[in-house]
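**Student:** Residue numbers (our numbering): 2 to 169.
First the structure, then my questions, so here it is.
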Amino acid sequence: MREAIYLALGFASTMFVALGVIPSLPFPLMYTPLVLITGLLVLQREGVGPGIAWLLLGSLLLSIDHVAPRMLIPSIIATLVAAIFANRVFATRSVYALMGLGLITGLTFSLVVLLGALFSVIFLATPLPTTLLLSLLAFFLLLQLGLYLGFLAVTSLRSWTLRTFVVR
């Protein structure tokens, strides 16, 4: 029960930052996928159930609030790919497994976004956004950096809490 409360508080604080702070940052930082970074950390640390719930609910809230309205379908597909790969390929809790999971998830997300843009160019005759490739590159690099720094933070916090609060 206590872990569920901590996860809910962590999710709420992540959504506050993702909805309030990140969209107001300058160009490269405004594409920081905070919900994806924290969701993949939860997926690796807490298991597939809480991780999928975190990623899907976060994507839904971001699309409802119009921060990322066209990113719901790529987020759902990337979440499903992350869940499959977290169980089968990247089952260990190492930094390499997390970075590999982030690589596969980020590539899946970017590929689905590019396919959606290509579909809209071909069938709907809309122009291709000029900053699409640059924003996807910033998204991907910030995802990898965020996962690495998040892994370091989670590992340090876990060892500090075990040293501080566990009586031997």
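Glycine residues also receive a C-beta, built at the ideal position from the N, C-alpha and C atoms.
None of the values given here were measured: they were computed from a predicted structure.
#1: On the DSSP letters alone, give me the boundaries of the alpha helix (DSSP H) that residue 97 sits inside.
#2: Between the C-alpha atoms of residue 25 and residue 13, what's the straight-line distance to the nearest angstrom?
#3: Straight-line CA distance for residue 145 to residue 125?
#4: Which stretch, first to last residue, makes up the alpha helix (DSSP H) that contains residue 58?
#5: Is residue 166 buried or exposed, if buried means 16 or more other CB atoms sit within 10 Å of its CB?
#6: For the structure I just gave you, are there three or more beta carbon pairs, one from the segment 122 to 142 and one from the segment 28 to 40, closer than 8 Å?
#7: Using CA atoms only, rank isn't needed, just tell me which of 128, 93, 127 and 75 is closest to residue 108.
#8: Is residue 95 near the ligand SAM, in the sense that its beta carbon is under 7 Å from a heavy atom of that ligand?
#9: So for residue 75, helix, strand or coil by DSSP?
#10: State the CB to CB distance for the pair residue 8 and residue 47, rounded to an integer number of angstroms; the pair is presumed to be in contact (CB under 8 Å).
#11: What would DSSP say about residue 29, mapped onto helix, strand or coil?
**Tutor:** Checking against the coordinates, here is how it stands:
#1: Numbered from 1 along the sequence shown, position 96 holds the residue referred to as residue 97. Boundaries of the alpha helix (DSSP H) harbouring residue 97: 96 to 124, taken from the DSSP string.
#2: Numbered from 1 along the sequence shown, position 24 holds the residue referred to as residue 25. Numbered from 1 along the sequence shown, position 12 holds the residue referred to as residue 13. Those two C-alpha atoms are separated by around 19 Å.
#3: The count along the sequence shown starts at 1 and reaches residue 145 at position 144. The count along the sequence shown starts at 1 and reaches residue 125 at position 124. Roughly 33 Å separates the two Cα atoms.
#4: The count along the sequence shown starts at 1 and reaches residue 58 at position 57. It spans 49 to 65 - the alpha helix (DSSP H) in which residue 58 sits, taken as one unbroken run.
#5: Within the sequence shown, numbered from 1, the residue matching residue 166 stands at position 165. Classification of residue 166: exposed, given that the 10 Å Cβ count is below 16.
#6: The segment 122 to 142 vs the segment 28 to 40: in contact.
#7: The count along the sequence shown starts at 1 and reaches residue 108 at position 107. Put simply, of 128, 93, 127 and 75 the residue whose alpha carbon is nearest the alpha carbon of residue 108 is 75.
#8: Among the components of this structure there are no ligands whatsoever, and the ligand SAM is therefore not found.
#9: Here residue 75 is taken as the residue at index 74 of the sequence shown, counted from 1. When DSSP states are grouped into helix, strand and coil, residue 75 belongs to the helix group.
#10: Position 7 of the sequence shown, counted from the start, is the residue given in the question as residue 8. Position 46 of the sequence shown, counted from the start, is the residue given in the question as residue 47. Confirmed, Cβ separation roughly 7 Å.
#11: Translated into positions along the sequence shown, residue 29 becomes position 28. Three-state DSSP puts residue 29 in a helix.
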